[in-house]
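Asks:
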Amino acid sequence: MYVHDKKEDCCGCTACMTICSVNAITMENDEEGFKYPKINEKKCIHCNMCRKVCDFVKQHDWDALPRPVVYAAKQKSDKERAASQSGGLFAALSDAVLAMGGVVYGAAYDGEWNVIHKRAETKKARNEMRGSKYVQSDMQDTFHRVGEDLKNGRIVLFSGTHCQCAGLKSLLETCRIKTENLYLVDIVCHGVPSPNVYRAFQTFMEKKYSGKIENFNFRNKNKFGWHSHVESTIINGKQYDTKLYVDLFYGHNALRPSCYQCPYKHIVHVTDITISDYWGVEKWAPDFDDNRGISLVLLNTQNGKKLFDLSKAHLDYLKSNTKDCLQPPLQHPFSRPATRDQFWQDFENKPFEYILTHYTNDYGWKTHVKKTIKKTAKTVLPGSAIIFIKKALRKS
Ligand SMILES: Cc1cc2nc3c(=O)[nH]c(=O)nc-3n(C[C@H](O)[C@H](O)[C@H](O)COP(=O)(O)OP(=O)(O)OC[C@H]3O[C@@H](n4cnc5c(N)ncnc54)[C@H](O)[C@@H]3O)c2cc1C
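Residues 147 to 542 (our numbering) make up the sequence shown, in order.
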C-alpha cells in the first residue's frame, strides 16, 4: 500500500516517510525511476500522520498570503557568477548563512553523477550544490537531518524545489520543531525529470564516446551564454555539447506525474526566498543583462528580507515587480503531453536511440529529414494534410 493511491498526488518530498514514528514507510522506485512512499502494513499503526503531513494535496489559499518583494540581482564578482547557474544568488545567500556558523542543504552529485540532497558546513562542500541539475533530486534522510540541526540550535538554509520546501515546512510545523533559525530558499521549477531518463542519457553518452563521464553540465552558460540551453558532457578529456537531454526535459514527457498538477506554480511561495533565472529581464533592463546570468529574487517573508540584506554587499540589484517577472512556472503547471504514455512505452521497450530520434530535435539523420518534411509541408499543404503527415512521421 502506498501513502497516496494516485501518483499525481505525490511529489516525493519524503515528509510522510520522515514523520512515521514506527519507520513503516520507505521510498520505492517506480518503473519511471521516481520514488513513492510505500507503507509496510505489518509495521503501520494507522495513526494517519503520513497523510496529515502531506502539503501537496492540501488546499492552498494563495490569495490570502502577501505578494513578494521582487528584485533582479547578480553577484558583483564575475568569477562567483560563472560558478553558478543564474546570477549566483544561492551562493550569496548561503555564504551569509555559513558566515553565521550555519549549515546549508542543497542538490549535489554523488560519486556516480546521481543527484542527491547533501549537507554542507564549508564553502567547498556548498560549492558542490551550485549549478542546476535538471532531474529529481533524491532526498534520502535530509528532512530528518534538517530537523536534528534545528533541534540542536543550528542556523539552517535549505534549498530545493517549492514542493520539497513546502513538504519540509509542513513536517517541521507538524512536529513542532522551531523554525526561527531556518531559511527556506526554493528555486522556481519547470518540473522534475525522471532519474531513469537522465541515467539512460548518460549511459548512451558513455557508450557512444567509449568512456566514463568525467564532468557534466546540464546548462553550459559560460560557453553558450545564459540565454542558451546546451548540455556539456566530458568523456576521455573531450567535451561533447548536445541538446538531447534538454529536448527531453522541455518535451515534458519525462516529468514526474505530480508536476502536471503542481499546486505551487504561483507568484506566492511558502518559502522565505524564491530564486530563479530572471527570464525577460532584458525587456525592461537591457543594460543589466550581459548574458552571463541574472537571478530573479522573490522575498516572501521578513526572514527572507533579512537574509537578502545580509548578502547585498556582494550583489548588484534592481527593484522589479510581480508583473515583469511572470514566467509560466510562476503561473501554472505545464500540462501532461498527449504523447506521455507512448513515450514511456517506447522508453521501456525500445533502444534509447529510438527515444532520441522520436522525442528530440537533435539526433540522427531521420530526425533531420522529418524536420525538413514538416517544414516544407507547412508552407505548401492545407492543415488536415499536415496533421496526417505529422501522425505518419510519429509512427515511422
Ligand atoms: C529541475 C529544475 C527546474 C528549474 N526550472 C526553472 C524554470 O522553469 N525557470 C527558472 O527561472 N529557473 C528554473 N530553475 C532554477 C534555475 O535553473 C537555477 O537553479 C536558479 O536560478 C538558481 O541559480 P543560482 O545561480 O542562484 O544558484 P546556483 O549557485 O547555480 O545553485 C543551484 C541551486 O539550485 C538547487 N538545485 C540544483 N538542482 C536541483 C534539483 N535537482 N532539485 C532541487 N534543487 C536543485 C541547489 O540546491 C542550489 O540551491 C530550475 C532548476 C531546477 C533544478
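Here a beta-carbon is modelled for each residue, glycine too, at the ideal position from N, C-alpha and C. Note that the structure is predicted; figures quoted are calculated from it, not measured.
Under three-state DSSP, which class holds Asp387?
Replies: Asp387: strand per DSSP, three-state reduction.
Asks: Return helix, strand or coil for Glu174, following the three-state DSSP convention.
Replies: strand
Asks: What residues in its chain sit with their C-beta under 6 Å from that of Gln473, if we drop five residues either side in the sequence?
Replies: Trp425
Asks: Name the residue from Tyr182, Thr325, Cys408 whose alpha carbon lies nearest to the alpha carbon of His478.
Replies: The residue among Tyr182, Thr325, Cys408 with its C-alpha nearest the C-alpha of His478 is Cys408.
Asks: Would the beta-carbon of Ser283 fall within 8 Å of that of Tyr406?
Replies: One thing to note: Ser283 has its Cβ no nearer than 8 Å to the Cβ of Tyr406.
Asks: Which same chain residues end up closer than 6 Å to Pro214 when comparing Cβ atoms and leaving out the 5 residues on each side of it in sequence?
Replies: Leu444, Leu445, Asn446
Asks: How is His412 classed by DSSP in three states: helix, strand or coil?
Replies: coil
Asks: Between Arg197, Phe180, Glu499, which has its C-alpha nearest Ser316's C-alpha?
Replies: Arg197
Asks: Since Ile165 is in the beta strand (DSSP E), which residue starts that stretch and which ends it?
Replies: Here Ile165 belongs to no beta strand (DSSP E); instead the alpha helix (DSSP H) covers 161 to 165.
Asks: Which residues share a DSSP beta bridge with Gly357?
Replies: BP columns for Gly357 are empty, so no partner.
Asks: Quick check: does the Cβ of Ser466 come within less than 7 Å of any heavy atom belonging to ligand 1?
Replies: no
Asks: Quick one: any contact between the segment 309 to 328 and the segment 352 to 362, if contact means 3 or more CB pairs under 8 Å?
Replies: no
Asks: Note the first and the last residue of the continuous beta strand (DSSP E) segment covering Ala219.
Replies: Element bounds for Ala219: 215 to 221.
Asks: Residue range of the alpha helix (DSSP H) that Gly293 falls in?
Replies: Here the alpha helix (DSSP H) through Gly293 covers 288 to 297.
Asks: From Lys358 to Ser340, what does the alpha carbon distance come to, in whole angstroms?
Replies: Roughly 21 Å separates the two Cα atoms.
Asks: Using three-state DSSP, classify Phe480 as helix, strand or coil.
Replies: coil
Asks: By DSSP's criteria, Leu461 is part of a beta bridge. Which residues make up the other side?
Replies: Gln221
Asks: With H, G and I counted as helix, E and B as strand and the rest as coil, what does DSSP make of Thr522?
Replies: Three-state DSSP puts Thr522 in a helix.
Asks: Helix, strand or coil for Asn366? Go by DSSP, reduced to three states.
Replies: coil
Asks: Which stretch, first to last residue, makes up the alpha helix (DSSP H) that contains Glu319?
Replies: 308 to 320
Asks: What are the uninterrupted segments assigned as alpha helix (DSSP H) that are 4 or more residues long and contained completely in the segment 428 to 472, given in chain order?
Replies: 448 to 457
Asks: Give the secondary structure of Glu377 by DSSP, where H, G and I count as helix, E and B as strand, and everything else as coil.
Replies: Per DSSP, reduced to three states, the secondary structure at Glu377 is strand.
Asks: Would a C-beta distance cut-off of 8 Å place Val334 and Leu476 closer than the cut-off?
Replies: yes
Asks: Assign Ser240 to one of three DSSP states: helix, strand, or coil.
Replies: helix
Asks: At the level of alpha carbons, what is the spacing between Asp155 and Asn273?
Replies: Each residue's alpha carbon lies about 33 Å from the other.
Asks: Taking the DSSP output, what are the residues bridged to Arg265?
Replies: In the DSSP assignment, the residues bridged to Arg265 are Tyr251.
Asks: Lys225 to Val243, Cα distance in whole Å?
Replies: 20 Å
Asks: Give the single residue among Lys189, Ser422, Leu390 whose Cα lies nearest to the Cα of His504.
Replies: Of Lys189, Ser422, Leu390, the residue nearest in Cα terms is Leu390.
Asks: Does ligand 1 have a heavy atom nearer than 7 Å to the CB of Cys159?
Replies: no
Asks: Between the Cα of Tyr182 and those of His206, Cys157, Leu502, spot the shortest distance and give me the residue it belongs to.
Replies: Cys157
Asks: Please work out which residues of its chain come closer than 8 Å, Cβ to Cβ, to Ala253, disregarding the five sequence neighbours upstream and downstream, and give them in chain order.
Replies: So the qualifying residues of the chain are Val261, Ile262, His263, Lys264, Met275, Lys279, Ser283, Ser305, Gly306.
Asks: Return the residue from the list Leu303, Gly277, His373 that minimises the CA-CA distance to Thr288.
Replies: Leu303
Asks: Determine the DSSP secondary structure at Val302, reduced to helix, strand or coil.
Replies: strand
Asks: Looking only at its own chain, which residues have a Cβ that is under 6 Å from the Cβ of Gln385, when we skip the five neighbours before and after it?
Replies: Ser378
Asks: Just to confirm before moving on: does the CB-CB distance between Asp201 and Ala312 stay below 8 Å?
Replies: Taking 8 Å as the Cβ cut-off, Asp201 and Ala312 qualify as a contacting pair.
Asks: Between the segment 232 to 243 and the segment 454 to 463, do at least 3 Cβ pairs fall closer than 8 Å?
Replies: yes
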